[in-house]
Ligand SMILES: Cc1cc2nc3c(=O)[nH]c(=O)nc-3n(C[C@H](O)[C@H](O)[C@H](O)COP(=O)(O)OP(=O)(O)OC[C@H]3O[C@@H](n4cnc5c(N)ncnc54)[C@H](O)[C@@H]3O)c2cc1C
Ligand SMILES: Cc1cc2nc3c(=O)[nH]c(=O)nc-3n(C[C@H](O)[C@H](O)[C@H](O)COP(=O)(O)OP(=O)(O)OC[C@H]3O[C@@H](n4cnc5c(N)ncnc54)[C@H](O)[C@@H]3O)c2cc1C
Ligand SMILES: Cc1cc2nc3c(=O)[nH]c(=O)nc-3n(C[C@H](O)[C@H](O)[C@H](O)COP(=O)(O)O)c2cc1C
Ligand SMILES: Cc1cc2nc3c(=O)[nH]c(=O)nc-3n(C[C@H](O)[C@H](O)[C@H](O)COP(=O)(O)O)c2cc1C
Ligand code: FES
Ligand code: FES
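Chains as they are written, first to last, in the working numbering: chain A, 66 to 366; chain B, 66 to 366; chain C, 984 to 1240; chain D, 984 to 1240.
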């Protein structure tokens, strides 16, 4: 039985990756479990310059989910390279740099810088719903994705993942645009735009008014989008959205995702990544799957 | 304290409406509570000819929600007029005819027929995710909504509500298109397209593969969309999506919805519509609101 | 109606199979064999929808009724942890029951797994008839209510998939064998799809009255949401009726499997 | 670490206010005043995120620790139904605690509502210092732990919003009055935003050492998700630090309210 997956040049020892923005740069969770057990870590979304992020409250609990509006607080790409890569590199796990920017030029500058850094792949975040300009704008149209991805492709020396937003009419168009522009892989879904109101104070719970929905609530939407995308592009798909246990992860693998990311569930269960990995192993054993790819091909429709 | 609302010519004694497709034609729930307590009933989606609907299973449970793929099973508009209207009319509650069709002509034909029937408003369903053609196609683009709504407007003699799908990049564009085309009101959200997979049988749970997500899980997305739409059109908004109790309903009223619909929650609690109505009353009392409109204006952002 | 009913007894009958007795004058008095209740297994979101479960028997004098369930997923797992004096939120009795046999008839019931429970209620309510039960189980340790079925039947024939008890194989086997020798007036069946399908087909072929209790995933449980579709004949065509309201019991000859 | 800890005692202290004692050698030994635990109030989805609650005191000999909480919403409501011998899934101890006072110092703590609990732990661990507690409550019937505070303080001054006990009005009033007469070495505060803000401002103005324990909605509770932002000074600019990891205790002069 082989848990490893090969995603367009990126070899992961297993298909379980920590989702961007939920795992910092790995330091905190390294006190809870052995990061060597992870297929990879998609680090907190990086920008060229350090970013302060949005005012609090930045989180609201909703039925079976959460809204967040962190707004890409991060120390900037240079501090990441200097201070964070060396820490993560101590572990045998893939480093995926999640990149957000306001313009095509900025995306390219960042990808150029990161192409020379000691990382394993780049995840273009064209789908953050919590910053005022850029980012999500690119991700909301096929044209925008094509534009950013094509430009970045030219300067990118690492496997290039494009992370898609679910807040679109047709996710397959977005995936195809990424593929056409030369992406090696697409990852999805980022958060669904949502809002919660405190009826006592009569104010939105989030200072930013709206935020991104994640957690179990979004799983059916995510599984559907992964299924649609896996059936419309040839490049590999990384699936995520609401995975809380191995059963959830296997739904995504059956839907066609070659690897999966887990985020929000870790807030509740810091051991979730390990449990998902071990649960996938057990499922493969029980169902006679020898590779993750065999699961990808097993859906009966 | 006045619970009544006036939505573009449609007067509701209170803002609580049963959502289309979850309440049949009222007969079943009439054995559970007094339908006179409802502001209105949006009946099961009607088509010109009777429709069989999709094969079962048509429902899947997901975290804090359900997927359905009924596929507009209904007896057709004529049977509705003949057999169902007389039953509902025995109650003092507004009858909203929910209309789905495959072509602009068919929408118009149906609306013409219904304009002469004893109903109070027409809700154009341009957003059903569970039928292969038509319907959702119209609702997914501003152009489609404009086209159907303009045509229907010409023949419609009742207050005209356009029901919007959340499966779009920008819901405000859709609402504006409906407004521009002469809709009296928009209602939202219909279901989010989703999918669930049974990992033991390795098959989609729904025979139709995908289905529409409703229930508490979708509430944050629905509240956000209602908020956005209420801030971008002048016509009134009917809000729905995941309402399970009065607190949920009040979130929608604060977000700007003049009335609300409740669907899925009724499967679990057949008394939910009455509880929501009574809870809104209590909230108004406690917070000194004299009308629903005052709640609509109370959000502090 | 939806009501919070008090548990007056719970009992584990086999691994993962539990009997629950609830207090309810109304259901005890009004329920008929084949009907079901729709249960909210917990407050809150963990098992969001209600779960349909057949009524096993009623005790109109005590004002109680029983149901038996197998732990399958989240909802039934939560149910299995409830104890005496806890309350369960139930809607019911729901659905259309079996056509009861008339005096002197020869009645056969054919049940598999959790499908045997509504049949028990039918047998208990069928008096002055000759009753044979064909019951299929996975294995010896999953056999439940054998004594009870023996009490309400003239003969009970048990099969197990693995041969660990009774006849080895599917319940259709002894059913067919016996059909060679005698012909029942009414056959009632409930259980796994392949089983009910072949029983129904056999009966239709031989012109034997047969009613089938169907299962389908449900939403409202009362006929309003139309999700629990069941394909039935409609002239030369078909249509979808609904298990919760038009069923769960359907005449075999109406069903399209 | 995340652990399922056994409840060894629960007690209702006032309406909607409960004390829980949990068994945990690790937390009992390692926790310092100002730290908190992050609690999963139930399995499943009903209160999805963990809830942060301050540690009230530890008993290293018994290997137990206490927390007190007020029922506010879903999560704390579920917590309030738990009983002795039930288990609670806790992460902790988390966060940075207070700077303990040194021998001979004059210590004032100013707490409001649920903000008094971490201050109790601080007082209990502060020995050989002179301690005054200013505690603000809503009304007489919401006063909790008065005896305990009296035991660990030299003086306890209580205010109630409605005047039903102690001094009528906000806790800042007696605090200010006493400041006219004497100057503490260290002030610690926790409670509603307007209260901690004015205490912090008063202390900064007069150059008094002051630490504030902050509240913010949390996700991970350990510094990974960055949601629990707290605005602090950063040269001429500001930045967002994080209550769960950089706090919950912050020096008053760093905070931007
Ligand atoms: C009319 C009727 C009578 C029934 N009587 C009994 C009975 O007496 N004893 C018994 O043990 N079981 C009975 N069942 C089956 C029982 O409803 C399911 O086993 C149960 O709903 C599973 O719930 P869960 O939470 O354990 O499983 P999950 O898999 O967590 O359930 C998820 C969803 O699927 C639905 N579902 C799953 N399996 C079934 C099924 N086989 N039929 C219908 N819905 C399903 C659930 O209701 C729920 O909505 C009956 C079903 C029907 C339709
Ligand atoms: C460091 C810290 C220490 C705390 N110590 C205590 C204590 O000792 N005793 C006590 O009674 N309370 C304490 N609180 C507040 C406590 O966390 C909230 O009252 C509790 O989370 C409310 O949960 P709920 O499910 O009852 O309310 P809900 O309103 O249902 O909670 C919904 C969401 O909002 C969050 N939330 C709501 N109110 C607060 C709040 N005031 N602060 C942070 N998050 C909130 C919840 O954690 C949850 O994620 C502390 C908070 C923090 C940050
Ligand atoms: C607090 C928080 C912060 C996030 N920050 C980022 C980010 O910086 N970049 C990004 O691409 N996605 C970000 N996401 C989205 C997640 O990576 C993931 O796409 C989403 O949460 C769905 O997965 P989940 O349900 O497992 O969390 C963030 C999510 C959360 C909850
Ligand atoms: C079983 C089912 C059937 C539905 N059928 C229709 C329909 O025929 N027409 C329509 O406009 N909406 C239909 N809907 C959507 C609901 O009216 C509503 O928009 C959606 O369920 C969100 O509200 P809720 O979360 O309160 O159920 C259906 C929903 C469900 C669950
Ligand atoms: S479950 Fe709603 S119609 Fe049967
Ligand atoms: S709660 Fe995640 S960083 Fe503080």
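From the three backbone atoms N, C-alpha and C, an ideal C-beta is built for every residue, glycine too.
Residue 250/B carries a strand assignment under DSSP once its states are collapsed to helix, strand and coil. For residue 1028/C, the neighbours in chain D by C-beta distance under 8 Å run, in chain order, 1027, 1028, 1029.
Judged by beta-carbon spacing, residue 290/B lies beyond the 7 Å limit of residue 289/A, meaning their Cβ atoms are not closer than that value. Residue pairing by DSSP places residue 1073/D opposite 986/D, 1022/D in a beta bridge.
At a threshold of 6 Å, residue 1087/D does not count as near ligand 6, since its beta carbon sits no closer than that to any of the ligand's heavy atoms. Taking CB atoms only, residue 355/A has no neighbour in chain D less than 7 Å away. Between ligand 3 and residue 1208/D, a heavy atom-to-CB distance of less than 6 Å is present. Sorting 271/B, 347/B, 329/B by C-alpha distance to the C-alpha of residue 121/B places 271/B at the top.
Residue 208/A is outside the set of residues whose beta carbon lies under 7 Å from a beta carbon in chain D. In the three-state DSSP reduction, residue 287/B falls in the helix class (H, G or I).
At a cut-off of 4 residues, the continuous stretches assigned as alpha helix (DSSP H) that sit fully inside the stretch 1096-1134 of chain C are 1099-1108. Contacts with chain D at 7 Å (Cβ-Cβ) do not include residue 84/A. Per DSSP, reduced to three states, the secondary structure at residue 150/A is helical. Under a 10 Å Cβ-count criterion, residue 305/B is classified as buried, with 16 or more other Cβ atoms of the shown protein chains found around its own Cβ. The stretch 276-290 of chain B and the stretch 245-262 of chain A touch, with three or more beta-carbon pairs separated by less than 8 Å. Residue 118/B has its CB no nearer than 6 Å to any heavy atom of ligand 5.
Against chain D, the beta carbon of residue 333/A has neighbours under 8 Å at 1023, 1031, 1032, 1033, listed in chain order. A Cβ-Cβ distance of about 4 Å is found for the pair residue 1016/D and residue 1104/D, placing them in contact under the 8 Å criterion.
When C-alpha distances from residue 102/B are compared across 84/B, 158/B, 233/B, 137/B, the shortest belongs to 158/B. The Cβ of residue 174/A sits no closer than 7 Å to any Cβ of chain D. Where residue 1193/D is concerned, the enclosing beta strand (DSSP E) starts and stops at 1192-1196. Under a 10 Å Cβ-count criterion, residue 1229/C is classified as buried, with 16 or more other Cβ atoms of the shown protein chains found around its own Cβ.
Taken from the Cβ of residue 86/B, at least one heavy atom of ligand 4 lies inside 6 Å. In the structure shown, residue 159/B falls within a strand segment according to DSSP collapsed to helix, strand and coil.
Interface flag for residue 1222/D against chain A is set, since a Cβ pair is found closer than 7 Å. Taking all protein chains in view, the Cβ of residue 1070/D is surrounded by fewer than 16 other Cβ atoms within 10 Å, so the residue is classified as exposed. As computed with DSSP, residue 167/B is found in no beta bridge at all.
Residues of chain B whose Cβ lies closer than 9 Å to the Cβ of residue 1174/C do not exist; the shortest such Cβ separation is about 18 Å. By the rule that beta-carbons nearer than 7 Å mark a contact, residue 132/A touches chain B. Per DSSP, reduced to three states, the secondary structure at residue 135/B is coil, with no helix or strand assignment. The three-state reading of DSSP puts residue 1179/C in helix, counting H, G and I together. Two segments are said to touch when three or more pairs of C-beta atoms, one from each, lie closer than 8 Å; by this definition the stretch 1050-1063 of chain D does not touch the stretch 1048-1059 of chain C. For residue 328/A, the shortest separation between its Cβ and any heavy atom of ligand 6 does not lie below 6 Å. Look at residue 238/A here: in three-state DSSP terms it is helix.
Between residue 163/B and residue 188/B, the CB-CB gap stays under 7 Å.
The beta-carbon distance between residue 321/B and residue 296/B, rounded to whole angstroms, is 7 Å. This is short enough to meet the 8 Å contact definition.
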